[in-house]
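Trainee: My questions will all concern the structure given below.
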Amino acid sequence: MRTKALRVVLLLTLLLSWSVRASASEALSLAEFGKKHQVLVSFDPLTACGQMEQRGVFVSFAAGKPYMILDWRTLRKVEAPYWDQGALMLPAGFVDEAGKYFSERNAPKKEAYSVATILIDPGHGGKDSGAIATVDGAQLMEKTLTLEVSRRVADLLRSRYPERKIITTRDDDSFPSLEDRVAMANSAGLGMKETVIYVSIHANASFNKNAKGYEVWYLNPEYRRTVVDAETVKEKGSDIAPILNAMLEEEFTTESIILARKVYDRLGLSIGASSPGRGIRAEEWFVVRNAKMPSILIEMGFITHPEEGRLLATSSYLRKIGDAIYNGIVDFIEHFEN
Ligand SMILES: [Zn+2]
Numbered sequence: 006m007r008t009k010a011l012r013v014v015l016l017l018t019l020l021l022s023w024s025v026r027a028s029a030s031e032a033l034s035l036a037e038f039g040k041k042h043q044v045l046v047s048f049d050p051l052t053a054c055g056q057m058e059q060r061g062v063f064v065s066f067a068a069g070k071p072y073m074i075l076d077w078r079t080l081r082k083v084e085a086p087y088w089d090q091g092a093l094m095l096p097a098g099f100v101d102e103a104g105k106y107f108s109e110r111n112a113p114k115k116e117a118y119s120v121a122t123i124l125i126d127p128g129h130g131g132k133d134s135g136a137i138a139t140v141d142g143a144q145l146m147e148k149t150l151t152l153e154v155s156r157r158v159a160d161l162l163r164s165r166y167p168e169r170k171i172i173t174t175r176d177d178d179s180f181p182s183l184e185d186r187v188a189m190a191n192s193a194g195l196g197m198k199e200t201v202i203y204v205s206i207h208a209n210a211s212f213n214k215n216a217k218g219y220e221v222w223y224l225n226p227e228y229r230r231t232v233v234d235a236e237t238v239k240e241k242g243s244d245i246a247p248i249l250n251a252m253l254e255e256e257f258t259t260e261s262i263i264l265a266r267k268v269y270d271r272l273g274l275s276i277g278a279s280s281p282g283r284g285i286r287a288e289e290w291f292v293v294r295n296a297k298m299p300s301i302l303i304e305m306g307f308i309t310h311p312e313e314g315r316l317l318a319t320s321s322y323l324r325k326i327g328d329a330i331y332n333g334i335v336d337f338i339e340h341f342e343n
């Protein structure tokens, strides 16, 4: 029973492969093959040997010999090239094999996702000061710190990645609403394989004067977002949207965690000696959960802590934080694009 079934399968396989073979190609002259497959061809009449080359991929052959050599290494049996009315002809089997080899070896690499846009969001601004504390008699406002750090991060990113879009949600002491920020984040024009990363920068405050340290938040994976836009739904049908959403969300959540980790690690290297890491956390922040992209929110320290507040009031410390965030983003991009 099994043998018989196996024979039928074998026969079918043979028939199928034969019919594919028979229908695929016909004999071509060497010159015709070169033109059709955009391959450089050469033939030496003295040795009766020839070569084909396409972007560093080589096939060698000889007139009257039933094989070809692929990239100087692999010998493959094929129908032999033959002469016909002064032209060197490549039989159908030869044309098939060589054509297949070139197209496989030179197939365009699968395009990876790239980070096309980086959106830096300095928390608060304008009428919204964010957290406020008094440090050495001077008032320290969260919105000022976040702007200074964001400018540093954006400047560094712009000089490293001149070809990418580096956007800040505000560049001065203005107040874009949370909805504005989300809209800015989601409106970044993207190609098929492009993505945006979103980094919101904040400073912390607490009634507990002992609270200190930095933390990085990412989106809570339990939270269901609508990642797929209306156009996709129109195109693919509404029943597939939840599936696409779940798949994309999984990916974006993972990427958010990785982004959070990279920035958190860099903050540790940069300011870990003076500020404790309070961990990577998951939360349903408004800004983060409505942004259709890998997103994090950084709390760079407590302005209410006597020593940390004093550090956060100095430009050199804010520069260290900016450098750390920048390096974390670079680490993430390198991970994401490889
Ligand atoms: Zn804040």
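Quick note, the sequence shown lines up with residues 6 to 343 if you use the working numbering.
Don't be surprised by glycine CBs; every beta carbon is placed ideally from N, CA and C.
Report the three-state DSSP secondary structure of R324 (helix, strand or coil).
Mentor: Taking the sequence shown and counting its residues from 1, one reaches residue 324 at position 319. In this structure, R324 counts as helix in the three-state DSSP scheme.
Trainee: Any idea what DSSP makes of F66, helix, strand or coil?
Mentor: Along the sequence shown, one-based indexing puts residue 66 at 61. F66 falls in the strand class under three-state DSSP.
Trainee: Under 8 Å: does the beta carbon of T173 sit that close to some heavy atom of ligand 1?
Mentor: Numbered from 1 along the sequence shown, position 168 holds the residue referred to as residue 173. Not so, every heavy atom of ligand 1 lies at least 8 Å from the Cβ.
Trainee: Under a three-way DSSP split, which group does A97 fall into?
Mentor: Taking the first residue of the sequence shown as 1, we reach residue 97 at position 92. DSSP places A97 in helix when its eight states are reduced to three.
Trainee: So what does DSSP say about A265, is it helix, strand or coil?
Mentor: Translated into positions along the sequence shown, residue 265 becomes position 260. The answer is helix: DSSP assigns A265 an H, G or I state.
Trainee: Using 8 Å as the cut-off, classify the Cβ of E168 as near or not near the heavy atoms of ligand 1, replying yes or no.
Mentor: By one-based count along the sequence shown, residue 168 stands at place 163. E168: no, Cβ never under 8 Å from ligand 1.
Trainee: Can you pull the DSSP bridge partners for M57?
Mentor: The count along the sequence shown starts at 1 and reaches residue 57 at position 52. Looking at the DSSP assignment, M57 forms a beta bridge with V46, V64.
Trainee: Within 8 Å: the Cβ of H129 and any heavy atom of ligand 1?
Mentor: Start at 1 with the first residue of the sequence shown, and residue 129 comes out as number 124. Flag set: Cβ of H129 near ligand 1.
Trainee: For the putative contact between M305 and V154, defined by C-beta atoms under 8 Å, what is the C-beta separation to the nearest angstrom?
Mentor: As a first step, residue 305 is located in the sequence shown; it is residue number 300 there, counting from the start. As a first step, residue 154 is located in the sequence shown; it is residue number 149 there, counting from the start. Confirmed, Cβ separation roughly 7 Å.
Trainee: Within the same chain, show all residues whose beta-carbon is closer than 6 Å to that of C54, passing over the 5 residues directly before and after it, in chain order.
Mentor: Mapped onto the sequence shown, residue 54 falls at position 49. Counting only Cβ-Cβ distances below 6 Å, and skipping sequence neighbours, we find A67.
Trainee: Tell me which residues share the same chain as N215 and place their Cβ nearer than 8 Å to its Cβ, disregarding the 5 neighbours each side in the sequence.
Mentor: Position 210 of the sequence shown holds residue 215. The residues are H310.
Trainee: Expressed to the nearest angstrom, what Euclidean distance is found between the alpha-carbon atoms of D76 and Y87?
Mentor: Indexing the sequence shown from 1 puts residue 76 at position 71. Indexing the sequence shown from 1 puts residue 87 at position 82. C-alpha separation (whole angstroms): 22 Å.
Trainee: Report yes or no: do three or more beta-carbon pairs, one from the stretch 71–85 and one from the stretch 126–143, lie closer than 8 Å?
Mentor: Too few Cβ pairs lie closer than 8 Å, so no.
Trainee: Whole angstroms are fine: how far does the CA of L274 sit from the CA of P181?
Mentor: Along the sequence shown, one-based indexing puts residue 181 at 176. Along the sequence shown, one-based indexing puts residue 274 at 269. Using only the alpha carbons, I get a separation of about 32 Å.
Trainee: Distance, Cα to Cα, S4 vs T52?
Mentor: Because the chain is modelled from 6 through 343, residue 4 falls outside the range shown and cannot be assessed.
Trainee: Using 9 Å as the threshold, is the C-beta distance between A188 and T122 below it?
Mentor: Locating residue 188 in the sequence shown gives position 183, where the first residue counts as 1. Locating residue 122 in the sequence shown gives position 117, where the first residue counts as 1. No. Outside cutoff.
Trainee: What span of residues does the alpha helix (DSSP H) with T149 cover, start to end?
Mentor: Taking the first residue of the sequence shown as position 1, residue 149 is located at position 144. Run containing T149: 147–165, per the alpha helix (DSSP H) assignment.
Trainee: Report buried or exposed for E260, applying the criterion of at least 16 other Cβ atoms within 10 angstroms of its Cβ.
Mentor: As a first step, residue 260 is located in the sequence shown; it is residue number 255 there, counting from the start. Per the 10 Å Cβ criterion, buried.
Trainee: Tell me whether the beta-carbon of Y322 lies closer than 9 Å to the beta-carbon of I276.
Mentor: Within the sequence shown, the letter at position 317 stands for residue 322. Within the sequence shown, the letter at position 271 stands for residue 276. It is a contact, given that the beta carbons lie within the stated cut-off.
Trainee: Would you tell me roughly how many angstroms separate the C-alpha atoms of T173 and A210, rounded to the nearest one?
Mentor: Here residue 173 corresponds to residue number 168 of the sequence shown, with the count starting at 1. Here residue 210 corresponds to residue number 205 of the sequence shown, with the count starting at 1. T173 and A210: Cα-Cα distance of roughly 23 Å.
Trainee: Looking at ligand 1, does it come within less than 8 Å of H310, judged from the CB to the closest heavy atom?
Mentor: Start at 1 with the first residue of the sequence shown, and residue 310 comes out as number 305. The answer is no for H310.
Trainee: Output the boundary residues of the beta strand (DSSP E) element that contains S279.
Mentor: Position 274 of the sequence shown, counted from the start, is the residue given in the question as residue 279. Taken as a continuous stretch (DSSP letters only), S279 belongs to no beta strand (DSSP E), as it is neither H nor E.
Trainee: Quick one: using the 10 Å Cβ neighbour count with 16 as the cut-off for buried, is L80 buried or exposed?
Mentor: On the sequence shown, residue 80 is found 75 positions in, with the first residue counted as 1. Classification of L80: exposed, given that the 10 Å Cβ count is below 16.
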